[in-house]
Structures are given as C-alpha cells and as structure tokens.
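Those letters in the sequence shown? Residues -5 to 348, by the working numbering.
Heads up, the beta-carbon is just placed ideally off N, CA and C, and yes, glycines get one too.
Structure first, commentary second.
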Amino acid sequence: VEFIESNRVHLIQRMGMITVKQIADDLLACNVMSCEEVNTIACEKVEQEASRMMIYMILNKGSEACNILVKSLEKHNPFLFHDLQGYCGLIDGIKKLVNAEGLVLDNISMDEGDAKKIAEGIRNLRKLRLLYMNHLTAIGDGITYIVRSVSDELSELEEIQLVNCCISSEAVEILAQNLCNLPKLNVLDLSENYLEKKGKDAIDRLVDGLNVLPGIKVLMLPWGDDVKVCLRKLLELLEKMPQLTKLGLRKWSLTDVEVRILGNFFEKEHLKNLQHLDLSMNCVTSDGWLSFMQPLISLKKLVSIDFSSKQDWVPASLLVCKLSQVLTTLNYLKEIKVTGWKFDCHDLGLINDA
C-alpha cells in the first residue's frame, strides 16, 4: 500500500496502457478484480485515466490486492518499478532483471550512451516476451545497438514495438537479417520511424526476412523515400499471412495507383482476419479512395480504419456517399479516422445516418 500511495502520481502518469492491461489481467487471474472491472479499465481511451481507475480500485481492496499489483508491475514493467524504488544505476543494472517478461520504455529521457548500455544489458533478459519502446527521440544510433542485441539473443520474444525511436535503415536491415532468430515473434511495430533515402532497400530486405515468420499478426511498417515501390512484393508476402489482424502503411506516399493495387489484393480475400488498417498520411485523391471502397467491404472483420490526410482537402460527394454505405456494411467497425477530410453539413448527415 505504501509503495502505491507514495508513487501514485508517477504510476498514473507513466504506467501506460499496455502495462495497465497486463496488470489488470493478472489481477483478474488472482480474483482481485472482476471481469466487469477489467473491461471498464480496458475500455478507457485515456491511459492516465485507466491507470488512475485501477489504482483507486486496488487501494480500496486492501493490502493483499496492492501487493499483487506491485508484483505484477515488477514483472511487466521492471524499468518503471525499479525507477520508482530509487534503484541505483538502473540502466547499468538492467542486466540483473533476468526474470523480466516485458520491458516498457515509454517517453523516457535517455541519450545514445544510455541506449548502448541498455543494449548490452538486455542480452541477459532471456525470458523477455515483450519489448515496447516509444518516443525515444534522442538515442541516435543507440537504437541500432538495441536492435542487434534483441535480434541476436532474445529468442522468446513475441512482440517488438519500436515506435518513434529514431530507427535507421541500418537497424531495420539488421533486424531483417536476424528475424530467423525470433521464431515466436507475432507482433512487429516499427511505425512512426522515417528511414530516409535508404528506406526502400531496408523495407525490401525486411519483407524478405519476414518470410520466415508466417505467423505474424501485427505488422506496422516505417516509411522512407520511395518505399511504395515495395508494395507489390509486400502483398506477395501478405498472401502467406492470412492470420494478420493489423497492418500499417502510414506515410508510404501511396497514390491512387497503389491504392487500387491494394484494393485488388483485398478483394481476393487473402486477409479475412484483418481488424485494423492504417493508410493515413498518404497521397490519395477522391478517385483513389472511391476505387478502394468496394474492396474495403471484403474486410468484414475490420474494427478500425485510418484514412487521415497530410493536408486538409474536400472529398467528392460520391466518395462520401460510398463511404457512408461502407460504414453500414462493416458490422464490426467501431472507428474510422479521417482527419483532414473537410465535410459539409450534407456529408455529415450521410455519415451520421450510417
């Protein structure tokens, strides 16, 4: 109880949604929380509110419940746990966390030197199943050392999420070469990373490397100059991944031509289980999106779509009409993001009716 009380503010601000959900699952398994309580937390869209809700629930349940939460935090987010304990030289001591199954580094201040120390220490975390790093924008080439260590040594990894972490083309190529060392990997999220001029070659090698992992369920790709030329090769790979549930091609500079190719692919129903599709920040016109609406209906299990645009633009009336029809057809769809699309009152009426 004392640990939670004294670190309440930090826990609320820093746990993050992934850790909250993992802890909630543990609390459910230990009969500390009910299914209804866990679902209430999981449905909260603001991660700080989800953290606050869980903490206050557990504080009201007594010391035993608090102890279970703290043990679960240590298991799923040892970095935060030891940081709050005032763990001396945490970055230097990360190699001691040998029983950690998850490592979450979210928006933490560290430089390239810190990242190199983490890369060295992380080699010892042989039980690690989840690596989540987000918004580490000052680590420079340190991410390359981390990727090398992870892909060389951690064969138990099931999820790698390196979002907005300064990933370079070199780091992606190292990962591509070593994917054969990660047989259990089913989630790969490299989104929000710009690979610059060598991006095309890096994505090309990554697609080749992914052939050894037909069980991938989540694939969120980085972007770079001319990466769209890899689309056909990527789609050939995706034909072998019918279990894929999440795909991201954000900022791939896709035009009407590539969106039509993608639409033709979806119509063949290779990805019947796809639930989340991110095609945001591309270069598609009303004609391109209009051609994509019919193939979109083939993705019957879609839960969320992102068609957001780089710049504000006004979609054609026919496109809005077709989009409203798609909304009524996809029964599982809960969220569609169209940031940058400018709708008039008539357009909004159609969409609201859908």
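query	result
Taking the alpha helix (DSSP H) that S143 belongs to, which residues open and close that run?	136 to 147
In the DSSP assignment, find the unbroken beta strand (DSSP E) run with Y188 in it and report its ends.	Per DSSP, Y188 belongs to no beta strand (DSSP E) and is neither H nor E.
Compute the distance between the beta-carbons of V14 and A59, then report whether it is under 8 Å.	no
Of all the options K222, V157, L200, S311, which has the alpha carbon lying nearest to the alpha carbon of C339?	S311
So P208 and K234 are in contact, right, with Cβ under 8 Å, and what is the actual spacing, rounded?	5 Å
Counting pairs of beta carbons, one from the segment 43 to 59 and one from the segment 68 to 80, are three or more of them closer than 8 Å?	no
Taking the alpha carbon of H270 as the reference point, which residue from L238, E263, T138 has its own alpha carbon closest?	L238
What is the DSSP secondary structure of V212, counted as helix, strand or coil?	strand
Determine whether the Cβ of D347 lies closer than 8 Å to any Cβ atom of chain D.	In the structure shown, chain D does not exist; there is a single protein chain.
Among N187, N172, L184, S318, which has the Cα closest to the Cα of N205?	N172
On the three-state DSSP scale, how would you describe E351?	The chain is shown only over -5 to 348; residue 351 falls outside these bounds and no answer can be derived.
So is H70 buried or exposed if we call it buried at 16+ other beta carbons inside 10 Å?	buried
Around the Cβ of C82, are there at least 16 other Cβ atoms within 10 angstroms (buried) or fewer (exposed)?	Because C82 carries a pLDDT of 41, less than 50, the predicted location of this residue cannot be relied on, and no value is offered for it.
Contact between the segment 146 to 158 and the segment 169 to 184: three or more CB pairs below 8 Å?	yes
Where do the N-terminal and C-terminal ends of the alpha helix (DSSP H) with G10 fall, by residue?	10 to 23
Report yes if the CB atom of V314 is closer than 8 Å to the CB atom of L344, and no otherwise.	yes
Go ahead and pull the three-state DSSP assignment for M47.	helix
Take every Cβ of the segment 298 to 305, pair it with every Cβ of the segment 259 to 268, and state whether three or more of those distances are shorter than 8 Å.	no
What are the boundary residues of the alpha helix (DSSP H) that includes K222?	That residue, K222, is in no alpha helix (DSSP H); it is neither H nor E in DSSP.
Tell me which residue opens and which closes the alpha helix (DSSP H) that G343 is part of.	339 to 347
Helix, strand or coil for S66? Go by DSSP, reduced to three states.	helix
Specify the secondary structure class of H76 as computed by DSSP and reduced to three states.	helix
Using DSSP with H/G/I as helix, E/B as strand and the rest coil, what is I330?	strand
Candidates K55, S103, T249: which alpha carbon is nearest W283's?	T249
In terms of residue numbering, what span does the beta strand (DSSP E) encompassing S298 cover?	298 to 300
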